Amino acid sequence: MRVGILSLQGDVDLHEKAIKRFHKDVEVMRVKSKEELEKAEMLILPGGESPTMSKLIKRYELKDALLKKIKEDKVPTLATCAGIVLLSKMEEPDGRVEPLEALDVVIMRNGFGRQRESFEDKVTVKFDDKEAIITGVFIRAPRIKKIGDKARPIAFLKDEVTGVLEENILALSFHPELADDTDIIYEKLFSMVG
Ligand code: GLN
Numbered sequence: 072m073r074v075g076i077l078s079l080q081g082d083v084d085l086h087e088k089a090i091k092r093f094h095k096d097v098e099v100m101r102v103k104s105k106e107e108l109e110k111a112e113m114l115i116l117p118g119g120e121s122p123t124m125s126k127l128i129k130r131y132e133l134k135d136a137l138l139k140k141i142k143e144d145k146v147p148t149l150a151t152c153a154g155i156v157l158l159s160k161m162e163e164p165d166g167r168v169e170p171l172e173a174l175d176v177v178i179m180r181n182g183f184g185r186q187r188e189s190f191e192d193k194v195t196v197k198f199d200d201k202e203a204i205i206t207g208v209f210i211r212a213p214r215i216k217k218i219g220d221k222a223r224p225i226a227f228l229k230d231e232v233t234g235v236l237e238e239n240i241l242a243l244s245f246h247p248e249l250a251d252d253t254d255i256i257y258e259k260l261f262s263m264v265g
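In terms of the working numbering, the sequence shown opens at residue 72 and continues consecutively.
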């Protein structure tokens, strides 16, 4: 299984560690070009700075290739924090991020505000057959403002949705790679491998 981690910027190393901890036999590829992207059988869009990532997606002409990989080839995709920003629609477009709009979600960047810029709290994750309480690490996290019909809420911080599943896309506003009790996320991701 070749897991491609979009490696333009952001916390690539920790995603690599987390996925290898969960599954010893994966081959991790750092994706920076269309050619590398083409080889990936699973995709991770890490956290980081979405404006920087967006700029680099443009520079390396990766937008169409990413959309094809995610929406047409439907590879299992995990998007975290800045990654969910890149895939959603923006509540207040600011010209710094050109989102792919691959996800039926409206998002607000840095939506948890100044006082709570970064925090850790318990998050309940629910799939059809499973439920777990895990550690949610939120770092200047985006806030999910609207969820369209195509996306299904799967992660909750109290009553607030902090993660969705839409077909092959698992998108979270927090960082599962920064906690060690997040296996339920990786189980779901690998269960989507066709
Ligand atoms: N606030 C960042 C952004 O919108 C996301 C932060 C993160 O990925 N930890 O790009």
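Where is the CB? At the ideal position from N, CA and C, for every residue including glycine. If you're wondering where the values come from, they're calculated on a predicted model, not measured in any experiment.
Out of the options, which one is the CA nearest neighbour of residue i?
{"i": "I178", "options": "Q186, C152 and F190", "result": "C152"}
{"i": "M72", "options": "V97, L149 and H86", "result": "V97"}
{"i": "E112", "options": "I141, I255 and K259", "result": "I141"}
{"i": "V176", "options": "I90, K229 and K216", "result": "K216"}
Leaving out five residues before and five after residue i in sequence, what residues of the same chain have Cβ atoms less than 6 Å from its Cβ?
{"i": "Y257", "result": "F93"}
{"i": "R180", "result": "V156 and P213"}
Mapping DSSP to helix, strand and coil, what is residue i?
{"i": "S189", "result": "strand"}
{"i": "R211", "result": "coil"}
{"i": "V194", "result": "strand"}
{"i": "K134", "result": "helix"}
{"i": "A153", "result": "helix"}
{"i": "F183", "result": "coil"}
{"i": "V264", "result": "coil"}
{"i": "E109", "result": "helix"}
{"i": "P224", "result": "strand"}
{"i": "K88", "result": "helix"}
Assuming residue i and residue j form a contact by the criterion Cβ under 8 Å, report the distance between their Cβ atoms to the nearest whole angstrom.
{"i": "V232", "j": "I218", "result": "6 Å"}
{"i": "A222", "j": "E237", "result": "4 Å"}
{"i": "L138", "j": "L157", "result": "Actually they are not in contact, since the Cβ atoms of L138 and L157 sit about 11 Å apart, beyond 8 Å."}
Excluding the 5 residues preceding and the 5 following residue i in the sequence, name in chain order all residues of the same chain whose CB lies nearer than 8 Å to its CB.
{"i": "E169", "result": "S125, I128, K129 and K134"}
| task | Any chance you could list the residues with Cβ under 6 Å from a heavy atom of the ligand GLN, keeping chain order? | result | G118, G119, E120, S121, C152, A153, V156, R180, N181, I210, R211 and P213
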